[in-house]
Amino acid sequence: MASAARTLQWKRRIIQAASLFVIGEFSYFGIFRCPFAVPYVSCPNCPVVQCPGRKLWLTAWIGILASALFFGRAFCGYACPGGMVAELFDRVSPFTRSIGRRVSKGFDRVLRNAKYVAAAAALYLFLGLHNPRWAVPIRTGEFFQATALTFHHAFTPWLFRTGTVLGALALGLLVPYFWCRYLCPTGGILDVFGRFAPARHRMTADCTDCGKCERSCGMATRPSEPNCTNCGACVSDCPANAIRFGLGGGGGTSADEENAPEKQA
296 MASAARTLQW KRRIIQAASL FVIGEFSYFG IFRCPFAVPY VSCPNCPVVQ
346 CPGRKLWLTA WIGILASALF FGRAFCGYAC PGGMVAELFD RVSPFTRSIG
396 RRVSKGFDRV LRNAKYVAAA AALYLFLGLH NPRWAVPIRT GEFFQATALT
446 FHHAFTPWLF RTGTVLGALA LGLLVPYFWC RYLCPTGGIL DVFGRFAPAR
496 HRMTADCTDC GKCERSCGMA TRPSEPNCTN CGACVSDCPA NAIRFGLGGG
546 GGTSADEENA PEKQA
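Counting from 296, one number per residue, gives the positions in the sequence shown under our numbering.
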């Protein structure tokens, strides 16, 4: 089992590297140069001709949504450039172990709902307000100079949005995966899909409810529960060898539910 878990993590690293090569620049443009209120979704109408998203956006979204239908929030753990940055921050920061892991469960449960609010706001801006422009589009230009010009000519809402994203990513140096856990609207939408995805990691009836998987998880969750990205990093940490990947019914079954009859007996 330990060998299989290590192999899965190596495969995940390879997928992350390939994804960074394919959509890394697209991700950068969405944060730093997209003039729209909601990036990554109005690419056919975007005047920033240098952005690779003009060609990639539809394929990328089909892939993300298709993976969500089968594997839930796996995109976040395997292919999202933002998720890669969050994971890197968690690994290199000396504070996420001493400070970030001490976030109270009550605070975590409340704040994790913010990503659903962010997702609802993004959908309203896109569908209800037709995704207004919040910055003057810089069509072409030298890479970093064009980014600086975008900031210079941006309106206040764009600066607030971009500052929130960058600030939340930076907070990942203190609280692991802060952006991914609490504020990412895409993560909020994929989290909903994840509750019905058939293929995912689950806790079996052998689970002793020791909580080690949750304590070791950067997203502070357990398999098949909200915020789980199906990364499988917890598999090798489970002392009871009670985490399995496989197909199951929509909505899934947690170890607590499986053990319920035994506890009542």
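Virtual Cβ for every residue (Gly too), placed ideally from N, Cα, C.
Keep in mind that this is a model prediction, so the values were computed, not measured.
Would you please state the rounded distance, in angstroms, between the beta carbons of residue i and residue j? I believe it to be under 8 Å.
i      : j      : result
ALA363 : TYR472 : In fact, because the Cβ distance is near 18 Å, the residues do not count as touching under 8 Å.
PRO330 : PRO432 : 4 Å
ALA585 : ASP501 : Missing from the structure shown is residue 585; the chain here goes from 296 to 560 and no further.
LEU420 : ASN426 : 6 Å
THR503 : MET514 : Not a contact, Cβ separation roughly 21 Å.
CYS533 : CYS508 : 6 Å
DSSP state of residue i, grouped into three classes?
i      : result
HIS448 : coil
ASN340 : helix
GLY423 : helix
CYS371 : helix
GLY527 : coil
GLN345 : coil
ALA535 : coil
ARG301 : helix
Provide the residue(s) that pair with residue i in DSSP beta bridges, ordered along the chain.
i      : result
HIS496 : PHE540
PHE331 : ARG428
In terms of residue numbering, what span does the alpha helix (DSSP H) encompassing residue i cover?
i      : result
TYR366 : The residue you asked about is not Tyr; residue 366 is Phe in the sequence shown. PHE366 -> alpha helix (DSSP H) spans 348 to 366.
THR391 : 390 to 393
GLY436 : First-last for GLY436: undefined, no H or E at that position.
PRO376 : 376 to 387
ASP403 : 400 to 406
ALA409 : 409 to 418
Query raised in the report: Counting only runs that start and end within the segment 453 to 521, where is the alpha helix (DSSP H) found for 4 or more residues in a row?
Result: 480 to 489 and 507 to 511
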